[in-house]
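Single-structure report; data block below.
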Amino acid sequence: MLLKNKRSKQPITALSVVKDDAEAREKVLQNNKMLEKAIVHAAATDTQVRVETRVALNASSGISQYVQERLITTIIMGWSGKSNVAGTIFGTTLDALIARNASTIVVANLCQPLNITRRITVIVPANAQYEVGFPIWVEKLYTLAKETSATLLFR
8 MLLKNKRSKQ
18 PITALSVVKD
28 DAEAREKVLQ
38 NNKMLEKAIV
48 HAAATDTQVR
58 VETRVALNAS
68 SGISQYVQER
78 LITTIIMGWS
88 GKSNVAGTIF
98 GTTLDALIAR
108 NASTIVVANL
118 CQPLNITRRI
128 TVIVPANAQY
138 EVGFPIWVEK
148 LYTLAKETSA
158 TLLFR
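To convert, count from 1 in the sequence shown and add 7; that's the working numbering.
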């Protein structure tokens, strides 16, 4: 909500993707309950939130399809920093999203609530300034820092 353009009238979408299997119906119900919390948080900031759950073969295809259908410009996803036994789900999901979408993708590992964050560390790859979306994500970072009163540390 802190990264949302204040002039935009479009709601934020809290999207959950459930694997298409025998337990999909139960997982959809569980995820909808979890996503309702996003509406409660958004209400405190007068931000409209749309809750969506998609059933798909995998997370990246479900997210990509939704992004294409709704013309989404920014994808924000969390990451716990952990990987599973099959390798790095984070890597495979993120790699697929990057390959399938031209949207800005923000990946965050939040260790604490943003309202008490005092420093945001940004890891920037070499030559990032030459990428097409560079000015967009730098602007979003500065917006986030301003909204949270945090300092930005680039590495």
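All residues carry an ideal CB built from backbone N, CA and C; glycine is no exception.
Distances from the CA of Ser110 to each of Gly85, Arg77, Thr128, Pro120 were compared; the closest alpha carbon is that of Arg77. Glu59 is bridged by DSSP to Leu22. A buried status is given to Asn38, since no fewer than 16 other beta-carbon atoms sit within 10 Å of its beta-carbon.
Taking 8 Å as the cut-off, the Cβ atoms of Ala66 and Gly85 do not count as close. Across the structure, Ile123 and Glu154 are spaced so that their CA atoms are roughly 11 Å apart. Contact annotation: Ile127 and Leu159 have beta-carbon atoms nearer than 8 Å. One Cα belongs to Gln72, the other to Glu146, and the distance between them is close to 26 Å. DSSP, read as helix, strand or coil, puts Arg32 in helix.
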